[in-house]
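Asks: Quick note, the sequences are listed as chains A and B, same order. The first sequence lines up with residues 1 to 112 when you count with this note's numbering. The second sequence lines up with residues 113 to 225 when you count with this note's numbering. Don't be surprised by glycine CBs; every beta carbon is placed ideally from N, CA and C. Below is one structure. I have some questions about it.
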Amino acid sequence: DAEITQSPRHKITETGRQVTLACHQTWNHNNMFWYRQDLGHGLRLIHYSYGVHDTNKGEVSDGYSVSRSNTEDLPLTLESAASSQTSVYFCASSDPGDETQYFGPGTRLLVL
Amino acid sequence: GENVEQHPSTLSVQEGDSAVIKCTYSDSASNYFPWYKQELGKRPQLIIDIRSNVGEKKDQRIAVTLNKTAKHFSLHITETQPEDSAVYFCAASHQTGANNLFFGTGTRLTVIP
Numbered sequence: 001d002a003e004i005t006q007s008p009r010h011k012i013t014e015t016g017r018q019v020t021l022a023c024h025q026t027w028n029h030n031n032m033f034w035y036r037q038d039l040g041h042g043l044r045l046i047h048y049s050y051g052v053h054d055t056n057k058g059e060v061s062d063g064y065s066v067s068r069s070n071t072e073d074l075p076l077t078l079e080s081a082a083s084s085q086t087s088v089y090f091c092a093s094s095d096p097g098d099e100t101q102y103f104g105p106g107t108r109l110l111v112l
Numbered sequence: 113g114e115n116v117e118q119h120p121s122t123l124s125v126q127e128g129d130s131a132v133i134k135c136t137y138s139d140s141a142s143n144y145f146p147w148y149k150q151e152l153g154k155r156p157q158l159i160i161d162i163r164s165n166v167g168e169k170k171d172q173r174i175a176v177t178l179n180k181t182a183k184h185f186s187l188h189i190t191e192t193q194p195e196d197s198a199v200y201f202c203a204a205s206h207q208t209g210a211n212n213l214f215f216g217t218g219t220r221l222t223v224i225p
């Protein structure tokens, strides 16, 4: 069955380290998104991509980057992790013909 | 950009009663309004959505209403059950070929048996 997966599911890192969170979907969706979820803020958009080699900044993009080299993957990189980036990260994907976004299982990141 | 506000932040109801969650949005160009349910430790999952050409949509015990003039939309859950306990998020987006969603801050619904 087609699905969307994230790895790792849990990550502990130290401030200043580079961290990459993986997102992989097998639906062949053009649109992919990264959100962070924090108590009191709901889900906030970090970056998004409408297709291969396309990337765009979302509401809270500072300190994050993404790249889209193929349809299936949109890795999220924290260039220099900060404690403020401790959060739960969700990726999502959708097809341009269907507005529904399908979410991955999430990655819980702790920055010490 | 779009600003979505959601109320209440917490809601407790007795099993069998109805629950109503309300959201407002700021951008009159928004025309797609999904609702997601997130159980503890799980991913958000779409439960119902509505487009701006429709005023109301129902799916069994769940209904969503939209008032474009007032820029607000609501989720109604009837005959609540303990398994309805979760956090519910509303969202809004423009339809521009892709669908960047702007989420509300969530409502934690507790259904008391």
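1. Put residue 101(A) into one of helix, strand or coil per three-state DSSP.
2. Which first and last residues belong to the beta strand (DSSP E) in which residue 87(A) is found?
3. Find the residues of chain A that neighbour residue 217(B), judging by a C-beta separation of less than 7 Å, and give them in chain order.
4. Quick one: grab the DSSP three-state call for residue 3(A).
5. Where does residue 29(A) land, buried or exposed, given buried means 16+ other C-beta within 10 angstroms?
6. Measuring CB to CB, does residue 217(B) end up less than 8 Å from residue 150(B)?
7. Is the shortest distance between the beta-carbon of residue 8(A) and the beta-carbons of chain B less than 8 Å?
8. Note down the Cα distance separating residue 199(B) from residue 187(B), rounded to an integer number of angstroms.
9. Of all the CB atoms in chain E, is at least one closer than 8 Å to the CB of residue 144(B)?
10. Would you grab the beta carbon distance between residue 167(B) and residue 178(B) for me? Rounded to a whole angstrom, and I think it's under 8 Å.
11. Residues in the region 92 to 112 of chain A with C-beta within 7 Å of chain B's C-beta atoms, listed in sequence order?
12. Tell me, please, whether the CB atom of residue 221(B) is closer than 8 Å to any CB atom in chain A?
13. Please determine, among 174(B), 185(B) and 139(B), the residue with the shortest C-alpha to C-alpha distance to residue 192(B).
Replies: From the atom records:
1. Note: residue 101(A) maps to strand in three-state DSSP.
2. For residue 87(A), the uninterrupted beta strand (DSSP E) segment begins and ends at 87 to 95.
3. In chain order: 40, 41 and 42.
4. Here residue 3(A) sits in coil by DSSP.
5. With 16 or more neighbouring CB atoms inside 10 Å of its own CB, residue 29(A) falls in the buried class.
6. Not in contact: residue 217(B) and residue 150(B) (Cβ atoms no closer than 8 Å).
7. Taking 8 Å as the CB threshold, residue 8(A) stays off the interface with chain B.
8. Straight-line Cα distance between these residues: approximately 12 Å.
9. Here chain E cannot be found, since the structure's protein chains are A and B.
10. Taking C-beta atoms under 8 Å as the contact rule, residue 167(B) and residue 178(B) qualify, at a distance of about 6 Å.
11. Flagged, chain order: 94, 96, 99, 100, 101, 103, 104, 105 and 106.
12. No, residue 221(B) does not count as interfacial toward chain A.
13. Selected option, being the one with the closest Cα: 174(B).
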